[in-house]
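So the structure is just underneath, and the comments pick up after that.
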Amino acid sequence: METPGSQSSLHRANLERVVRAVRLSGSLTQAEIARTTGLSAATVSNIVRELKNGGTVEVTPTSAGGRRARSVSLSGDAGIVIGVDFGHTHLRVAVGNLAHQVLAEESEPLDVDASSAQGFDRAEELVNRLIGATGVDRAKIAGVGLGVPGPIDVESGTLGSTAILPGWSGTRPAEELRGRLGVPVHVDNDANLGALGELVWGSGRGVRDLAYIKVASGVGAGLVINGKIYRGPGGTAGEIGHITLDESGPVCRCGNRGCLETFAAARYVLPLLQSSHGTDLSMETVVRMAKDGDPGCRRVIADVGRHIGSGVANLCNLLNPSRVVLGGDLAEAGELVLGPIRESVGRYAIPSAGRQLSVLPGALGGRAEVLGALALALSEMGDSTLLDGTAPSATPAFT
Numbered sequence: 021m022e023t024p025g026s027q028s029s030l031h032r033a034n035l036e037r038v039v040r041a042v043r044l045s046g047s048l049t050q051a052e053i054a055r056t057t058g059l060s061a062a063t064v065s066n067i068v069r070e071l072k073n074g075g076t077v078e079v080t081p082t083s084a085g086g087r088r089a090r091s092v093s094l095s096g097d098a099g100i101v102i103g104v105d106f107g108h109t110h111l112r113v114a115v116g117n118l119a120h121q122v123l124a125e126e127s128e129p130l131d132v133d134a135s136s137a138q139g140f141d142r143a144e145e146l147v148n149r150l151i152g153a154t155g156v157d158r159a160k161i162a163g164v165g166l167g168v169p170g171p172i173d174v175e176s177g178t179l180g181s182t183a184i185l186p187g188w189s190g191t192r193p194a195e196e197l198r199g200r201l202g203v204p205v206h207v208d209n210d211a212n213l214g215a216l217g218e219l220v221w222g223s224g225r226g227v228r229d230l231a232y233i234k235v236a237s238g239v240g241a242g243l244v245i246n247g248k249i250y251r252g253p254g255g256t257a258g259e260i261g262h263i264t265l266d267e268s269g270p271v272c273r274c275g276n277r278g279c280l281e282t283f284a285a286a287r288y289v290l291p292l293l294q295s296s297h298g299t300d301l302s303m304e305t306v307v308r309m310a311k312d313g314d315p316g317c318r319r320v321i322a323d324v325g326r327h328i329g330s331g332v333a334n335l336c337n338l339l340n341p342s343r344v345v346l347g348g349d350l351a352e353a354g355e356l357v358l359g360p361i362r363e364s365v366g367r368y369a370i371p372s373a374g375r376q377l378s379v380l381p382g383a384l385g386g387r388a389e390v391l392g393a394l395a396l397a398l399s400e401m402g403d404s405t406l407l408d409g410t411a412p413s414a415t416p417a418f419t
């Protein structure tokens, strides 16, 4: 038995510190591990050797600052994690290992009006198909990250009222999928997972405070404060789509008038172009036409950008993030939408906050949420489990 303060308990704590550092960063050189953990270079070297001999980590030659170094990452054959992303019109699933690789990934259309049971049936089928395709041992599944386009109550795990998935309100997505797959499932809303994905692998790398804005059928934000997703006590933080821009504006699905969502979400924006461009429109089509020079589409995209910028300015004044990352189909418009966002931020944000802010498009495209779901599953695994040789812990860094 280890007693607090004993050599064995101190050694165990140091092992967990090293594993945690690697897990959170993806891969680190031994010098980086020493700086991150505060341990001496000699202690890190001994611990890495022990972890390597035990099969917990893999060590590969690399270079740092022009000098030879050794990169340390968690073992790739210790287990797998699964990411499941439910969107308004799609279901995307990815299977990843602990060596930072996506082993399989697939997306298929999803009828948003289908019942939750049908949606979970499809998810279960797709997960089983991908596991079969990769040939991995089901016993090595460490956990599942699940993303849904709606607010999740932190205490109960219940999906709140949402017009995006009306047949799902009141369900407990994590509990439902856990019962089908028989493994731990961790759930969050899609905007939070998009923020997590971009934070780890995309346009949010290297910053501690950011907001990920996803514009699709709704408008939501994933907030990262001091390197961690901020959900709020009830799990509804980041509902930027319901900031009021015009008290006399259109009635929003939430019951209020003039919410940002009524000026930016696809369901409200696309009808503006139907009289001139026809009814067979999607945001993806509008963005493509705008990039090709269509004046009507360019005007609508610019207007949407200015409205989003008003919401971002409010975030700047309240939270002072250093970076805003725009996700969803709208991000593909590039400067056609980013320029107007920056224009509104410059007009409405406190000057000091606006000057410190960078506004970038997401780097991961439609994969941001499913990669964030993988990262969620990995972040929920304890460091001690991998050291004990039981359910594996891991690092969220996939390519």
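Offset between the sequence shown (1-based) and the working numbering: plus 20. Each residue gets a CB set at the ideal place from its N, CA and C atoms; glycine is no exception.
Look up V365 in the DSSP assignment and say whether it is helix, strand or coil.
For the purposes of this step, residue 365 is taken as residue 345 along the sequence shown, with counting starting at 1. Note: V365 maps to helix in three-state DSSP.
Beta bridge counterpart(s) of L111 as assigned by DSSP
Position 91 of the sequence shown holds residue 111. L111 pairs with F106, E128.
Do G254 and C279 have their C-beta atoms within less than 8 Å of each other?
Taking the first residue of the sequence shown as position 1, residue 254 is located at position 234. Taking the first residue of the sequence shown as position 1, residue 279 is located at position 259. Result no, Cβ atoms of G254 and C279 do not sit closer than 8 Å.
Determine the closest residue to K248 out of L265, G269, A215, G240, with distance taken between C-alpha atoms.
Walking along the sequence shown from the start, residue 248 turns up at place 228. Closest by alpha carbon: A215.
Would V147 and I100 be called neighbours here (beta carbons separated by less than 8 Å)?
Along the sequence shown, one-based indexing puts residue 147 at 127. Along the sequence shown, one-based indexing puts residue 100 at 80. Against a cut-off of 8 Å, the Cβ pair of I100 and V147 comes out as no contact.
Close beta carbons around T264, own chain, < 7 Å, minus the five adjacent residues each side
Here residue 264 refers to the residue found at position 244 of the sequence shown. Contacts found: N276, G278, C279.
Cβ pair S65, E78 closer than 8 Å:
Within the sequence shown, the letter at position 45 stands for residue 65. Within the sequence shown, the letter at position 58 stands for residue 78. No, these two residues do not count as a Cβ contact at 8 Å.
CA-CA distance, L44 and I361?
Translated into positions along the sequence shown, residue 44 becomes position 24. Translated into positions along the sequence shown, residue 361 becomes position 341. Taking the straight line joining both Cα atoms gives about 32 Å.
Does the Cβ-Cβ distance between L213 and E389 come in under 8 Å?
Translated into positions along the sequence shown, residue 213 becomes position 193. Translated into positions along the sequence shown, residue 389 becomes position 369. Closer than 8 Å, so yes.
G180 beta carbon less than 8 Å from that of D173:
Taking the sequence shown and counting its residues from 1, one reaches residue 173 at position 153. Taking the sequence shown and counting its residues from 1, one reaches residue 180 at position 160. A contact, by the Cβ cut-off of 8 Å.
Cut-off 6 Å between Cβ atoms - residues of its own chain near R287, not counting five sequence neighbours on either side
Translated into positions along the sequence shown, residue 287 becomes position 267. S237, listed in sequence order.
Residue interval of the alpha helix (DSSP H) (run including N66):
As a first step, residue 66 must be located in the sequence shown, where it is residue number 46. 61-73 is the span of the alpha helix (DSSP H), which, as asked, contains N66.
Excluding the five sequence neighbours on either side, which residues of its own chain have a C-beta within less than 6 Å of the C-beta of P412, listed in chain order?
Position 392 of the sequence shown, counting from 1, holds the residue named residue 412. Because the pLDDT of P412 is 41, which lies under 50, any placement of that residue in the model is unreliable, and the number read from its coordinates should be weighed accordingly. Around P412: A98, G99, A162, L406.
In terms of residues, what are the limits of the beta strand (DSSP E) holding E78?
Looking up residue 78 in the sequence shown gives position 58. From DSSP, the beta strand (DSSP E) with E78 extends over 77-84.
Helix, strand or coil for D300, going by three-state DSSP, please let me know.
As a working mapping, residue 300 is identified with position 280 in the sequence shown. Looking at D300 - three-state DSSP - the assignment turns out to be coil, as it is neither helix nor strand.
In terms of alpha-carbon separation, which member of T49, L243, V115, E128 lies closest to A395?
For the purposes of this step, residue 395 is taken as residue 375 along the sequence shown, with counting starting at 1. Comparing alpha carbon positions, the residue from T49, L243, V115, E128 closest to A395 is V115.
Within 8 Å of any Cβ in chain D, is that where the Cβ of V332 sits?
No chain D is present in this structure, which holds just one protein chain.
For G152, does the count of other Cβ atoms within 10 angstroms reach 16, so buried, or fall short, so exposed?
Within the sequence shown, numbered from 1, the residue matching residue 152 stands at position 132. G152 is classed as exposed because its beta carbon has fewer than 16 other beta carbons within 10 Å across all chains shown.
Rounded to whole angstroms, what is the Cα-Cα separation between G354 and G86?
Walking along the sequence shown from the start, residue 354 turns up at place 334. Walking along the sequence shown from the start, residue 86 turns up at place 66. Rounded to whole angstroms, the separation of the alpha carbons of G86 and G354 is 35 Å.
Tell whether a beta-carbon distance below 8 Å holds between E259 and G240.
Against the sequence shown, residue 259 aligns to sequence position 239. Against the sequence shown, residue 240 aligns to sequence position 220. It is a contact, given that the beta carbons lie within the stated cut-off.
Please determine if the segment 318-336 and the segment 186-194 are in contact, where contact requires at least 3 C-beta pairs separated by less than 8 Å.
Taking a cut-off of 8 Å on C-beta distances, the segment 318-336 does not touch the segment 186-194, as fewer than three cross pairs fall below it.
Status (buried if at least 16 other CB within 10 Å, exposed otherwise) for D157:
Sequence index remark: in the sequence shown, residue 157 carries index 137 (1-based). Counting the other Cβ atoms within 10 Å of the Cβ of D157 gives fewer than 16, which makes it exposed.
One question on the structure: do A393 and V39 come within less than 8 Å of each other, judged by their Cβ atoms?
Translated into positions along the sequence shown, residue 393 becomes position 373. Translated into positions along the sequence shown, residue 39 becomes position 19. For A393 and V39, no; Cβs fall outside 8 Å.
Given a cut-off of 8 Å on the beta-carbon distance, is the pair V332 and L230 in contact?
As a first step, residue 332 must be located in the sequence shown, where it is residue number 312. As a first step, residue 230 must be located in the sequence shown, where it is residue number 210. The Cβ atoms of V332 and L230 lie no closer than 8 Å to each other.
Just mark Q50 as buried or exposed, buried being the case when its beta carbon has 16 or more other beta carbons within 10 Å.
Locating residue 50 in the sequence shown gives position 30, counting from the first residue. Taking all protein chains in view, the Cβ of Q50 is crowded by 16 or more other Cβ atoms within 10 Å, so the residue is classified as buried.
Rounded straight-line distance, which links the Cα of P341 to that of I370:
Residue mapping note: residue 370 aligns to position 350 of the sequence shown, counting from 1. Residue mapping note: residue 341 aligns to position 321 of the sequence shown, counting from 1. In a straight line, the C-alpha of I370 is about 12 Å away from that of P341.
Candidates D208, M303, G386, G202: closest to H110 by CA position:
Start at 1 with the first residue of the sequence shown, and residue 110 comes out as number 90. Checking every option, the nearest Cα to that of H110 belongs to G386.
Report the rounded CA-to-CA distance for M401 versus H31, giving the unit in angstroms.
For the purposes of this step, residue 401 is taken as residue 381 along the sequence shown, with counting starting at 1. For the purposes of this step, residue 31 is taken as residue 11 along the sequence shown, with counting starting at 1. The alpha-carbon atoms of M401 and H31 are separated by roughly 20 Å.
Name, in chain order, the residues that DSSP records as bridge partners for I233.
Mapped onto the sequence shown, residue 233 falls at position 213. I233 is bridged to A241, L346.
Over what stretch of residues does the alpha helix (DSSP H) that includes D208 continue unbroken?
Here residue 208 corresponds to residue number 188 of the sequence shown, with the count starting at 1. First-last for D208: 205-209, but that is the beta strand (DSSP E), not the alpha helix (DSSP H).
Locate the beta strand (DSSP E) running through L420, then write down its first and last residues.
Outside the shown range of the chain, which is 21 to 419, sits residue 420, and nothing can be said about it.
Does DSSP put A162 in a helix, in a strand, or in coil?
By one-based count along the sequence shown, residue 162 stands at place 142. Collapsing the DSSP output to three states places A162 in a strand.
Quick check: what's the CA-CA separation for S399 versus A211?
In the sequence shown, the residue the question calls residue 399 occupies position 379. In the sequence shown, the residue the question calls residue 211 occupies position 191. About 17 Å.
Where does G75 land, buried or exposed, given buried means 16+ other C-beta within 10 angstroms?
Within the sequence shown, the letter at position 55 stands for residue 75. Classification of G75: exposed, given that the 10 Å Cβ count is below 16.
What's the C-alpha gap between S7 and G347?
With the chain running from 21 to 419 in the structure shown, residue 7 is simply not present.
Does DSSP put C317 in a helix, a strand or coil?
By 1-based counting over the sequence shown, the position of residue 317 is 297. C317: helix per DSSP, three-state reduction.
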